[in-house]
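Just so you know, our numbering puts 172 at position 172 of the sequence shown, and the rest follows in order with no gaps.
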Amino acid sequence: MTSTNTNVFEQVALFQDLGPAEWDRLTARAQLRSYPKNAILVTEGDETDSLFIIKSGRVKIYLSDEEGREMILNIQGPGDYFGEVALLDGAPRSSSAMALENCELYVIKKREFEQFLLHHPEVALQVIKGLTQRLRTLTDNVRNIALKDVYGRIVAVLNKMAEEDKGLRVIRQRLTHKDIAAMVGSSREMVSRIFKELSNGGYLASDKHGIIIKKKLPARW
1 MTSTNTNVFE QVALFQDLGP AEWDRLTARA QLRSYPKNAI LVTEGDETDS LFIIKSGRVK
61 IYLSDEEGRE MILNIQGPGD YFGEVALLDG APRSSSAMAL ENCELYVIKK REFEQFLLHH
121 PEVALQVIKG LTQRLRTLTD NVRNIALKDV YGRIVAVLNK MAEEDKGLRV IRQRLTHKDI
181 AAMVGSSREM VSRIFKELSN GGYLASDKHG IIIKKKLPAR W
């Protein structure tokens with residue numbers, strides 16, 4: 001196994017407490033698969049039995065209805081994982097996943113993962129912590145949708161995703177206005193209008209690397 005593979009598992013929160021030997025065993029148990037941009041990785045309601053770990057690329061986790069409307073729950077990148085809920089309770093998938101760009105994913109089957117947990121209970125604790133964090137995120141999202149207007153929801157998403165960089169706050173993920181609309185439960189047109197007003201006001205700028213928050217976003221608009 002190459003050091004690149006080792007680094008992938010080292011970056012995954014579930015496995016950070018392990019060592020190189022355990023990462024080797026995980027790689028031996030996992031299958032590395034490649035998916036093209038826009039590939040549907042899993043579909044809500046599917047009966048699947050695998051844990052997915054992102055080696056490269058970005059993945060959209062979302063809900064959708066019969067009319068094609070979407071609610072984006074999360075956008076994940078290298079070192080993130082999904083599929084653990086259905087893996088643990090045996091129920092159908094609770095959400096869908098799509099590749100936003102060409103992706104490589106490690107896929108670990110349920111039986112392999114369960115055997116690994118038996119020998120490494122500390123990983124089970126990390127699974128619980130991860131589920132708890134996602135529950136908190138879901139609670140925050142429900143609160144924002146119920147109690148904030150569209151502008152407030154957009155600000156909450158931008159502030160959550162922003163990272164500090166040389167005195168500025170930058171959102172490095174390449175998000176379209178349609179993506180943000182699906183994250184906040186609004187229309188692309190409304191998001192575009194708010195972004196235009198914030199850009200004209202000197203609050204936001206965009207470049208090839210992402211969205212730049214130039215100064216603190218006002219609480220209300």
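All C-beta atoms in this analysis are idealised placements derived from N, C-alpha and C, irrespective of residue type, glycine included.
1. Where are the alpha helix (DSSP H) runs, 4 residues long or more, that stay fully inside the stretch 134-186, in chain order?
2. Tell me whether G202 is buried or exposed, calling it buried when 16 or more other Cβ atoms sit within 10 Å of its Cβ.
3. Looking at the strands, I want to know which residues DSSP matches up with I61.
4. Evaluate T4 with the Cβ neighbour count: other Cβ atoms within 10 Å of its Cβ, from every protein chain shown; 16 or more gives buried, anything less gives exposed.
5. Report the rounded CA-to-CA distance for Y151 versus R143, giving the unit in angstroms.
6. By a C-beta neighbour count over all protein chains shown, 10 Å radius and 16 as the cutoff for buried, is D165 buried or exposed?
7. Going straight from the alpha carbon of D80 to that of P20, what length do you get?
8. Look up D207 in the DSSP assignment and give the residues it is bridged to.
9. Under 8 Å by Cβ, that's how I've got V42 and G83 pegged, so tell me the actual separation to the nearest angstrom.
10. Express the C-alpha separation of E70 and C103 in angstroms, rounding to a whole number.
11. How would you call S95, buried or exposed, if buried means at least 16 neighbouring beta carbons within 10 angstroms?
Here's the rundown:
1. 150-161 and 177-184
2. Here residue 202 corresponds to residue number 202 of the sequence shown, with the count starting at 1. Within a 10 Å sphere around the beta-carbon of G202 sit fewer than 16 other beta-carbons, which makes this residue exposed.
3. Numbered from its first residue, the sequence shown carries residue 61 at position 61. According to DSSP, which records beta bridges pairwise, I61 is partnered with N74 and A97.
4. Numbered from its first residue, the sequence shown carries residue 4 at position 4. At T4, the pLDDT of 46 sits below 50, so the modelled position is not reliable; the number obtained from the coordinates is stated separately. So T4 ends up on the exposed side.
5. Taking the first residue of the sequence shown as 1, we reach residue 151 at position 151. Taking the first residue of the sequence shown as 1, we reach residue 143 at position 143. Distance between the alpha carbons of Y151 and R143: 14 Å.
6. Against the sequence shown, residue 165 aligns to sequence position 165. Answer is exposed; the Cβ neighbour count stays below 16.
7. Mapped onto the sequence shown, residue 80 falls at position 80. Mapped onto the sequence shown, residue 20 falls at position 20. Answer to the nearest angstrom: the Cα atoms are 19 Å apart.
8. Here residue 207 is taken as the residue at index 207 of the sequence shown, counted from 1. G210, per the DSSP bridge assignment.
9. Position 42 of the sequence shown, counting from 1, holds the residue named residue 42. Position 83 of the sequence shown, counting from 1, holds the residue named residue 83. That belief holds up - the Cβ atoms of V42 and G83 are roughly 7 Å apart, short of 8 Å.
10. As a position in the sequence shown, residue 103 is number 103, starting the count at 1. As a position in the sequence shown, residue 70 is number 70, starting the count at 1. If I take the Cα positions, the gap works out to 21 Å.
11. Taking the sequence shown and counting its residues from 1, the one referred to as residue 95 is at position 95. With a threshold of 16 other beta carbon atoms within 10 Å, S95 meets it and is buried.
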